[in-house]
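Report on the following structure.
Residue numbers (this note's numbering): 4 to 86.
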């Protein structure tokens, strides 16, 4: 499928540029076949590579009111999508 081809071409281009890592972000915890990321994990694992553990991303609000409003909207959208 197209998703595999796209990722493969990106990886080849990055390798030509001398890049050593390509971060596809999160995967399901080991052995959890019913996890919501299980399918994505299978897709990502198909490229080989290795798992790296990074610190999770954190928000550092500069304008707390704006941040709070954005979080409210994001939370409402997440609930609507059932994530």
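No residue lacks a Cβ here, since even glycine has one placed at the ideal position from N, Cα and C.
Remember, predicted model here, so these are calculated numbers, not experimental data.
Less than 9 Å between the beta carbons of residue i and residue j, yes or no?
| i | j | result |
| --- | --- | --- |
| residue 33 | residue 39 | no |
| residue 52 | residue 7 | no |
| residue 26 | residue 70 | no |
Whose C-alpha, out of the options, is nearest the C-alpha of residue i?
| i | options | result |
| --- | --- | --- |
| residue 9 | 47, 20, 37 | 47 |
| residue 54 | 44, 16, 74, 66 | 44 |
| residue 29 | 68, 59, 11, 72 | 59 |
Measure the alpha-carbon distance for residue i versus residue j and round it to whole angstroms.
| i | j | result |
| --- | --- | --- |
| residue 75 | residue 61 | 17 Å |
| residue 77 | residue 42 | 24 Å |
| residue 19 | residue 13 | 10 Å |
| residue 23 | residue 17 | 8 Å |
| residue 81 | residue 35 | 22 Å |
| residue 5 | residue 66 | 40 Å |
| residue 85 | residue 64 | 25 Å |
| residue 21 | residue 79 | 41 Å |
Exercise for review: Please specify which runs of the alpha helix (DSSP H), each continuous and at least 4 residues long, are wholly inside the region 6-60, giving them in chain order.
Suggested key: 41-48
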